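Engineer: Residue numbers (my numbering), protein chains in the order written: chain A, 10 to 358; chain B, 10 to 358; chain C, 10 to 358; chain D, 10 to 358.
One structure follows; several queries about it will come next.
There are 4 protein chains.
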Amino acid sequence: MNFASDNAAPVAPEILKAIADANEGAALAYGNDLWTRRVEQKLAALFEHEVAVFLVPTGTAANALAIAHLAPPWGAVLCHAESHVITDECGAPEFFGGGIKLVGLAGEAGKIAPATLEAALTGRQWGGPHHVTPAVLSLSQATEAGTVYRVDEIRSLAELAHARGLAVHMDGARLANALAQMNASPAQATWQAGVDVLSFGASKGGALAAEAIVFFDPSRGAGMSDRRKRGGHLVSKHRFIAAQIEAYVAGGLWLRLARHANAMAERLGQGLAAAGLAPIWPVEANEVFVALPGAAVERLKAKGASFYPWVTESTAKPIPRDATLVRLVASFATTPEDVELFVATTRAR
Amino acid sequence: MNFASDNAAPVAPEILKAIADANEGAALAYGNDLWTRRVEQKLAALFEHEVAVFLVPTGTAANALAIAHLAPPWGAVLCHAESHVITDECGAPEFFGGGIKLVGLAGEAGKIAPATLEAALTGRQWGGPHHVTPAVLSLSQATEAGTVYRVDEIRSLAELAHARGLAVHMDGARLANALAQMNASPAQATWQAGVDVLSFGASKGGALAAEAIVFFDPSRGAGMSDRRKRGGHLVSKHRFIAAQIEAYVAGGLWLRLARHANAMAERLGQGLAAAGLAPIWPVEANEVFVALPGAAVERLKAKGASFYPWVTESTAKPIPRDATLVRLVASFATTPEDVELFVATTRAR
Amino acid sequence: MNFASDNAAPVAPEILKAIADANEGAALAYGNDLWTRRVEQKLAALFEHEVAVFLVPTGTAANALAIAHLAPPWGAVLCHAESHVITDECGAPEFFGGGIKLVGLAGEAGKIAPATLEAALTGRQWGGPHHVTPAVLSLSQATEAGTVYRVDEIRSLAELAHARGLAVHMDGARLANALAQMNASPAQATWQAGVDVLSFGASKGGALAAEAIVFFDPSRGAGMSDRRKRGGHLVSKHRFIAAQIEAYVAGGLWLRLARHANAMAERLGQGLAAAGLAPIWPVEANEVFVALPGAAVERLKAKGASFYPWVTESTAKPIPRDATLVRLVASFATTPEDVELFVATTRAR
Amino acid sequence: MNFASDNAAPVAPEILKAIADANEGAALAYGNDLWTRRVEQKLAALFEHEVAVFLVPTGTAANALAIAHLAPPWGAVLCHAESHVITDECGAPEFFGGGIKLVGLAGEAGKIAPATLEAALTGRQWGGPHHVTPAVLSLSQATEAGTVYRVDEIRSLAELAHARGLAVHMDGARLANALAQMNASPAQATWQAGVDVLSFGASKGGALAAEAIVFFDPSRGAGMSDRRKRGGHLVSKHRFIAAQIEAYVAGGLWLRLARHANAMAERLGQGLAAAGLAPIWPVEANEVFVALPGAAVERLKAKGASFYPWVTESTAKPIPRDATLVRLVASFATTPEDVELFVATTRAR
């Protein structure tokens with residue numbers, strides 16, 4: 010019963026097989042290989058747009074490198090106050106950006122409302138020389154609260170950002186989960202809605218360690234190759250990173266895996282609701298946030314269930330005194346049996 | 010006939026198998042897993058010393074993080090003028106170190122002579138506030154010239170460094186190749202000779218993407234966990250990095266693979282010498298540097314041989330006018346047939 | 010009628026004279042001069058404690074260098090959400106700190122309440138590897154709201170900070186104004202209350218361009234000389250910076266100048282209150298914050314009054330719809346006539 | 010007998026008077042004042058070109074900010090191996106540049122020869138992702154060896170640089186001394202010869218603490234205002250920095266002061282040569298480098314003469330065994346009596 014993280018999941022068999030298949034003979038290092046060429050073409054096809062692609066081994070690297078590339082050192086990055094980039098990356102964007110400032114915006118269920126963005130852009134003192142200058146809007150998709158920005162929400166936010174000269178970055182560590190939920194194509198949910206640069210996640214979705222930074226305006230990627238190298242993020246045996254991404258998107262595997270994870274989360278949310286433990290936010294991707302009574306937590310821990318407590322200011326709902334708010338993450342490897350056992354254990358007495 | 014790089018080699022089957030074996034069930038992310046615990050223990054056993062270990066996906070990350078951890082921003086890092094850290098990492102140590110200065114020292118065949126180090130430490134203006142302060146001596150083992158520091162050479166250099174308050178870092182991207190050549194244990198060639206922190210390479214030796222930063226004084230590693238994370242180098246599905254290192258050192262695999270690579274390089278060097286093309290530096294690890302006549306280069310390229318030209322100031326030997334100095338790298342996957350064909354092609358007319 | 014800033018004031022005559030007096034003959038550069046030696050001794054005497062002193066030309070430099078010296082790159086700096094270091098220095102602390110994170114805490118009238126600090130320290134996720142680690146508490150004295158931390162308030166905050174391993178920095182750009190208001194000695198209001206490092210301001214108080222970073226534990230200042238130099242903040246003709254600070258503290262000039270500025274602010278506040286325009290915060294130093302009706306603003310501008318509008322979330326008091334919240338700053342050069350004319354103009358119709 | 014540094018000199022009376030004259034009434038802070046407007050116009054007139062001007066208090070700030078503005082973090086700065094920016098600023102350019110790399114080129118008498126620059130640009134491995142990319146050529150004028158680049162030398166170097174896409178920075182800490190020696194206007198010796206950005210020094214020439222970063226293409230200065238602020242180099246009472254520069258250039262004061270300093274250095278060099286102690290490099294500005302016998306050094310020290318020893322690899326001339334190479338710097342305040350006494354003391358027995 011692992012609901013701790015989708016990073017606790019193993020590697021999808023199709024992706025592991027692709028790694029093994031790539032392990033044949035010599036291939037030039039540092040991306041001068043056929044796998045890398047192919048993955049560039051496949052991502053262009055997937056997004057129906059010319060792209061510049063830079064592969065890296067971690068999501069933190071993808072986010073920090075992308076953001077640093079979009080903002081001058083005196084730039085501000087606007088993001089949700091509980092987004093991964095501002096809370097969980099130990100200051101990586103600040104480091105890569107030469108001391109940029111991340112500014113957290115409040116928002117119910119992990120999402121920034123357009124009115125909140127507008128108020129932030131107009132109601133504060135911005136701009137040199139005394140104040141930092143807004144340079145990037147970073148959106149997490151799916152959000153840290155397991156919710157999903159709809160296409161028109163992204164468009165509204167991107168329009169506000171672009172009107173003020175900000176670039177739009179999307180942290181798509183769980184883009185697959187978001188897309189599996191939306192009735193939208195990868196193109197519609199990204200560049201057509203105004204996203205300039207995407208951290209295209211694969212690790213959480215089933216890869217071993219592979220993420221892609223995708224520039225929808227390739228000219229914006231100039232210099233990123235150097236930035237990646239000096240960040241230590243140019244993997245030498247690059248074909249194995251490329252092979253992972255290639256397998257991840259081949260034949261829609263990424264969406265298949267995400268649909269399963271989402272279905273497991275939905276089932277879990279419904280089961281808990283039926284047990285009187287309704288999730289605090291809509292279950293729109295592969296995460297469920299619920300306040301569990303102390304006794305339930307103890308029973309679950311006794312049965313070896315794995316999950317983390319969660320702290321948030323993104324809800325007005327009170328957490329009962331004897332309860333703990335927890336985050337439950339489903340992955341491609343979560344089974345219905347895991348879900349049923351979890352729900353049953355919360356009920357048991 | 011790939012002699013371009015040991016990074017062009019595939020993954021050793023034993024290591025690929027370890028990755029597959031680790032792909033079973035859930036495991037907590039970010040290093041809170043059994044594989045990581047085991048690799049820490051195994052490296053301690055291998056080096057016969059308490060160690061603090063931090064795994065990262067690239068050699069550049071290992072070097073840059075380690076060096077940044079040893080030097081204040083106003084520190085200088087003394088290294089060979091043609092070492093990887095100063096020439097081939099696009100300024101990664103400078104970036105991670107907040108603008109440290111790398112100072113290249115001359116030296117025949119990629120090695121720093123103790124007298125050169127002493128002259129550099131005593132003959133220049135060092136120290137604040139106007140001048141940077143020497144903080145780290147970084148030694149490449151094996152060197153970029155395919156030569157090997159002997160234990161007493163390391164000890165002499167480390168003594169000079171320590172006497173002046175410098176820490177000693179070893180870039181061991183090819184430590185296996187060096188050890189396979191030396192009559193010394195891992196302990197003797199590192200901490201017993203004065204090495205404080207080691208970049209323990211595995212990728213070039215046969216892993217997919219795995220390197221370890223090894224502190225022989227674990228207290229010196231305090232804060233490195235944070236530095237690694239904010240550098241984007243904490244791999245989420247960490248068990249797969251740990252499994253690579255575990256397999257790499259299990260049963261002496263790393264030294265077996267390195268011995269083969271070294272043997273292939275030696276055979277190549279001897280074959281070329283017999284053909285009148287003596288390597289310019291002693292072949293002590295898995296690299297051969299030789300001046301090839303233009304006609305030979307053309308024949309080799311026509312047969313699909315892969316290798317890079319090399320530029321150096323670390324030799325007084327003149328390169329003939331019609332010749333090109335090239336670097337030939339053997340790996341665990343190099344075959345005697347590759348070697349023989351390469352040598353024969355240089356001879357053919 | 011300049012109420013725009015104490016930085017708009019000229020240089021106090023005593024300080025200008027000290028500069029002229031220092032302009033005699035040669036003196037070694039970069040602080041190896043008698044003026045610098047003397048200022049170190051005089052600050053030690055003033056604070057009744059051994060100190061390490063580093064002079065710099067701007068307050069932003071003093072704050073950013075001091076904070077960077079106290080926090081590792083993965084450190085967090087807790088400060089008031091509207092303090093100068095977080096809002097008005099264009100990211101200087103982040104830049105000098107290698108990408109540290111400044112975390113703003115709410116608080117009425119520019120002050121952090123101990124309960125707020127405690128909640129911030131205990132109620133969030135802190136610490137590696139995913140989260141930054143609180144490293145510094147930075148207090149502005151006087152605050153950006155023109156209020157003053159009392160000695161016991163500083164002590165309470167410093168105790169909470171120290172108990173969690175944070176260092177305490179004080180941004181004393183207006184320390185003179187605060188001390189002129191308090192019944193406390195420089196020692197009592199700084200190190201005896203728990204301040205570890207002080208940005209001792211003089212420019213706002215009457216100097217040309219001179220600030221001192223004061224470490225009350227001199228060993229903590231190790232390396233600061235290098236940090237200052239590489240920040241470009243070691244003034245070459247250093248005697249002239251030292252002479253300013255020396256004159257500033259000689260014979261209590263700094264407190265005399267501050268008492269005058271405070272008195273002018275108090276008079277202004279009382280005059281406005283009598284005119285039905287009560288300041289929104291207590292006038293405790295040299296600043297008055299008041300909501301001025303639009304007509305009054307226009308009349309004042311017409312008479313050449315100089316002042317800035319102010320945006321704040323540090324008060325629950327509503328600003329009337331037709332009014333503008335403004336900041337009025339008095340300096341050592343403000344005259345009673347300026348004050349009277351200002352007040353009269355707000356009344357006039 | 011101060012020959013230690015031109016920074017050991019006092020402030021020129023005309024400049025001190027300008028500071029005092031500016032000390033009248035209020036003036037908006039941070040450069041929104043009349044003095045700053047005027048100095049911008051006067052520098053435009055002086056250089057006969059549209060300029061963007063940024064004033065800072067130190068030469069290290071001017072150099073580091075300018076260079077950082079011209080190079081991406083993965084850029085290389087080519088400069089003389091003994092130039093101030095690479096040896097004497099404690100890594101300031103590396104810090105401000107986010108970890109850029111300074112590459113020192115050899116050259117007799119502190120000057121880079123065009124052939125040396127060409128060899129450096131063509132004979133090494135440059136460019137991403139593995140190697141840094143040459144981005145800036147930084148020339149010191151006058152050089153650290155007290156010599157002067159002629160207009161055609163600057164033009165040759167700048168043409169090579171521009172042809173490769175490098176920007177040309179001039180460290181003009183002693184530009185006045187160079188111009189006083191050359192038969193060239195400020196325009197001819199800078200932008201007309203290919204200089205893109207100038208650190209226009211005034212402190213060494215007679216100011217208290219004032220330098221100007223001058224962009225000859227103003228659009229290149231976009232963002233510099235922010236960079237300066239976050240570097241802590243925006244002086245609050247800015248009129249006093251501007252007043253110094255204004256007085257420095259008014260009526261040709263800067264060149265008059267420099268001519269005197271140069272004349273004193275020339276007299277010193279001739280006197281020493283007549284005493285059998287010929288300077289090792291041509292005396293073209295305000296510095297003399299000479300090998301003094303140990304006995305002469307002792308006599309000079311006994312008489313209170315102040316000067317520093319010098320270490321260089323920029324000459325093939327051997328330093329006699331019992332002699333010390335020293336640097337002697339004349340300033341606007343050096344007197345013929347100082348010079349005569351110095352020379353006489355070297356002769357005395």
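Glycine included, C-beta positions come from ideal geometry on N, C-alpha and C.
All of these numbers come straight from a predicted model, not from anything done at the bench.
Which residues of the region 288-322 of chain C have a Cβ closer than 8 Å to any Cβ of chain D? Give them in chain order.
Structural biologist: For the region 288-322 of chain C, which is checked against every Cβ of chain D, the residues closer than 8 Å are Ser315.
Engineer: Could you check which residue in C:Ser340, C:Val320, C:Leu130 and C:Met233 has the C-alpha nearest to that of alanine 332 of chain C?
Structural biologist: Per the Cα distances, C:Val320.
Engineer: Hey, is the region 289-306 of chain A in contact with the region 182-200 of chain A, meaning 3+ C-beta pairs nearer than 8 Å?
Structural biologist: A contact exists between the region 289-306 of chain A and the region 182-200 of chain A.
Engineer: Got a sec, what are the start and stop residues for the beta strand (DSSP E) proline 66 of chain B sits in?
Structural biologist: From DSSP, proline 66 of chain B is part of no beta strand (DSSP E); its letter is neither H nor E.
Engineer: Which residue's Cα is closest to the Cα of threonine 67 of chain B: A:Arg47, A:Gly84 and A:Tyr39?
Structural biologist: Of A:Arg47, A:Gly84 and A:Tyr39, the residue nearest in Cα terms is A:Tyr39.
Engineer: How should proline 369 of chain D be labelled, buried or exposed, when 16 other C-beta atoms within 10 angstroms of its C-beta is the threshold for buried?
Structural biologist: Residue 369 of chain D lies beyond the range of chain D shown here (10 to 358); nothing can be said about it.
Engineer: Closest Cβ-Cβ distance between isoleucine 250 of chain D and chain C: below 9 Å?
Structural biologist: It does; some Cβ of chain C falls within 9 Å.
Engineer: Less than 9 Å separating the beta-carbons of methionine 273 of chain D and aspartate 347 of chain D?
Structural biologist: Against a cut-off of 9 Å, the Cβ pair of aspartate 347 of chain D and methionine 273 of chain D comes out as a contact.
Engineer: Would you report the Cα separation of glycine 261 of chain C and phenylalanine 56 of chain C, rounded to the nearest angstrom?
Structural biologist: Looking at the two C-alpha atoms, the distance is approximately 13 Å.
Engineer: Let me check understanding here. Comparing Cα to Cα, which of B:Val112, B:Gly34, B:Ala270 and B:Asn72 lies closest to aspartate 180 of chain B?
Structural biologist: Checking every option, the nearest Cα to that of aspartate 180 of chain B belongs to B:Asn72.
Engineer: Report yes if the C-beta distance between alanine 36 of chain B and proline 138 of chain A is below 9 Å; otherwise report no.
Structural biologist: It is not a contact, given that the beta carbons lie outside the stated cut-off.
Engineer: Here's the rule: buried if 16 or more other CB atoms are within 10 angstroms of the residue's CB, otherwise exposed. What is arginine 46 of chain A?
Structural biologist: That one is exposed.
Engineer: Taking the DSSP output, what are the residues bridged to cysteine 88 of chain A?
Structural biologist: Per DSSP, A:Gly113 and A:Ser147.
Engineer: Less than 7 Å between C-beta atoms, sequence neighbours within five positions excluded: which residues of the same chain meet that for glycine 107 of chain A?
Structural biologist: For glycine 107 of chain A, where only same-chain residues beyond five positions count, the Cβ hits under 7 Å are Pro82.
Engineer: Note down, in chain order, every chain B residue with its Cβ under 7 Å from the Cβ of arginine 173 of chain C.
Structural biologist: Those within 7 Å of arginine 173 of chain C in chain B number zero; the least Cβ separation is about 16 Å.
Engineer: Chain A beta carbons: is any one of them nearer than 9 Å to that of cysteine 99 of chain B?
Structural biologist: Chain A, which has a Cβ nearer than 9 Å to the Cβ of cysteine 99 of chain B, makes this yes.
Engineer: At a CB-CB cut-off below 9 Å, which residues of chain C make contact with glycine 261 of chain D?
Structural biologist: Chain C residues near glycine 261 of chain D: none, gap ~22 Å exceeds 9 Å.
Engineer: With three or more C-beta pairs closer than 8 Å as the rule, is the region 111-124 of chain B touching the region 119-134 of chain D?
Structural biologist: Touching, no.
Engineer: Go ahead and pull the three-state DSSP assignment for threonine 344 of chain B.
Structural biologist: Reduced to three states, the DSSP call for threonine 344 of chain B is coil.
Engineer: Measure the C-alpha to C-alpha separation of glycine 132 of chain A and glutamate 322 of chain C and round it to an integer number of angstroms.
Structural biologist: Rounded to the nearest angstrom, the two C-alpha atoms are 11 Å apart.
Engineer: Put leucine 207 of chain B into one of helix, strand or coil per three-state DSSP.
Structural biologist: In this structure, leucine 207 of chain B counts as strand in the three-state DSSP scheme.
Engineer: Select from A:Ala170, A:Trp44 and A:Pro102 the residue whose C-alpha is nearest the C-alpha of tyrosine 257 of chain A.
Structural biologist: The shortest C-alpha separation from tyrosine 257 of chain A is found at A:Trp44.
Engineer: Mind checking the region 229-257 of chain A against chain D and listing, in chain order, the residues whose C-beta falls within less than 9 Å of any C-beta there?
Structural biologist: From the region 229-257 of chain A, only Gly232, Ser234, Asp235, Arg236, Arg237, Lys238, Arg239 and Leu243 have a Cβ closer than 9 Å to chain D.
Engineer: Select from the region 128-158 of chain C all residues with a C-beta closer than 8 Å to any C-beta belonging to chain A, and list them in chain order.
Structural biologist: Answer in chain order: Gly132, Arg133, Gln134, Gly137, Pro138, His139, His140 and Val141.
Engineer: Considering only C-alpha positions, which residue in the set C:Pro143, C:Asn186 and C:Val141 is nearest to threonine 156 of chain C?
Structural biologist: For the residues C:Pro143, C:Asn186 and C:Val141, the minimum Cα distance to threonine 156 of chain C belongs to C:Asn186.
Engineer: Taking the DSSP output, what are the residues bridged to methionine 179 of chain C?
Structural biologist: DSSP output for methionine 179 of chain C lists C:Leu148 and C:Leu207 as bridge partner(s).
Engineer: Buried or exposed for glutamate 220 of chain A, going by 16 or more other Cβ atoms inside 10 Å?
Structural biologist: Result: buried.
Engineer: For glutamine 134 of chain B, which residues of its own chain have a beta-carbon under 6 Å away from its beta-carbon, when the five flanking residues on both sides are left out?
Structural biologist: Excluding positions up to five away in sequence, the list reads His140.
Engineer: Give me the subset of the region 105-125 of chain D whose CB atoms are less than 8 Å from a CB atom of chain B, sorted by chain position.
Structural biologist: Listed in sequence order: Phe105, Gly106, Gly107, Gly108, Ile109, Lys110 and Leu111.
Engineer: Just checking, does the region 86-100 of chain D make contact with the region 141-150 of chain D on the three C-beta pairs under 8 Å criterion?
Structural biologist: Yes, the region 86-100 of chain D touches the region 141-150 of chain D.
Engineer: What in chain D is Cβ-close to proline 82 of chain B, meaning under 8 Å?
Structural biologist: Result: Gly100 and Phe104.
Engineer: Kindly indicate if chain A contains any beta-carbon less than 9 Å away from that of asparagine 16 of chain B.
Structural biologist: For asparagine 16 of chain B, the answer is yes, since a Cβ of chain A falls inside 9 Å of its Cβ.
Engineer: Among the candidates A:Ala172, A:Gly203 and A:Leu184, whose CA atom is the shortest distance from the CA of aspartate 161 of chain A?
Structural biologist: Cα-wise, what sits closest to aspartate 161 of chain A is A:Gly203.
Engineer: Based on the DSSP secondary-structure assignment, which residues constitute the bridge partners of threonine 333 of chain B?
Structural biologist: B:Leu301.
Engineer: Could you please tell me which residues of the region 65-76 of chain D, in chain order, have their CB closer than 9 Å to any CB of chain C?
Structural biologist: So the close ones are Val65, Pro66, Thr67, Gly68, Thr69, Ala70, Ala71, Asn72, Ala73 and Leu74.
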